[in-house]
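Student: If you scroll down you'll find the structure; I have some questions about it.
Residue numbers (full-length UniProt numbering): 1 to 204.
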């Protein structure tokens with residue numbers, strides 16, 4: 001009876017984790033660049049009451065044995081980096097990553113973070129920043145007298161300036177990819193940081 005209660009407890013804890021993950025996915029259904037997660041489970045150790053293949057009599061062996069499981073546990077919560085759906089916003093600074101890759105931003109401590117959120121704005125210095133104010137890397141500064149801004153499919157950022165014949169290129173949005181993006185660590189604010197599991201970023 002005690003073992004049965006323990007096994008039931010592991011099942012409740014595992015399903016609570018699963019429910020938490022699903023609820024978080026639903027809560028972020030409108031979050032820019034959000035990638036849903038899924039809980040991954042594995043069974044716990046087994047008690048071998050009778051080993052498979054053990055002798056059941058002098059002439060026969062057990063075909064399957066007798067193994068009693070001890071429950072389940074959540075072994076990981078995996079981020080699913082699938083392509084999102086495009087959405088028109090009418091904002092020239094809004095971009096979407098088509099395929100693999102992350103924008104790189106600079107954190108206050110000087111380290112790099114990565115995001116799929118392409119809702120960019122300009123700060124007081126004219127630099128492109130995320131909605132939380134993190135500066136996009138490499139830094140791109142929009143001139144104060146820019147009359148319009150366009151971002152090409154290749155990430156080229158151009159502006160139209162007064163008394164100029166054509167657009168002026170002011171920078172290029174770069175993407176960083178990872179061998180294992182599921183290994184990135186979520187930091188909130190639509191940001192990820194690299195870990196030993198994700199591998200080093202490849203920027204292009």
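Note that the Cβ used here is the ideal one computed from N, Cα and C, for glycine as well. Remember, predicted model here, so these are calculated numbers, not experimental data.
By the 10 Å Cβ neighbour count, where 16 or more other Cβ atoms means buried, how is residue 178 classified, buried or exposed?
Tutor: Buried, because 16 or more other Cβ atoms sit within 10 Å of the Cβ of residue 178.
Student: Once DSSP output is grouped into helix, strand and coil, what is the label at residue 149?
Tutor: Reduced to three states, the DSSP call for residue 149 is strand.
Student: Straight-line CA distance for residue 154 to residue 97?
Tutor: One C-alpha to the other measures close to 10 Å.
Student: So, helix, strand or coil for residue 39, using DSSP?
Tutor: Note: residue 39 maps to strand in three-state DSSP.
Student: In terms of alpha-carbon separation, which member of 77, 75, 202 and 44 lies closest to residue 104?
Tutor: With distances taken between Cα atoms, residue 104 lies closest to 202.
Student: Are the CB atoms of residue 171 and residue 144 nearer to each other than 9 Å?
Tutor: Taking 9 Å as the Cβ cut-off, residue 171 and residue 144 do not qualify as a contacting pair.
Student: Taking 8 Å as the cut-off, is the beta-carbon of residue 97 closer than that to any non-hydrogen atom of the ligand FMN?
Tutor: The ligand FMN is absent from the structure shown, which contains no ligands of any kind.
Student: Relative to the C-alpha of residue 219, which residue among 71, 18, 121 and 181 is closest?
Tutor: Residue 219 is absent from the structure shown; the chain starts at 1 and stops at 204.
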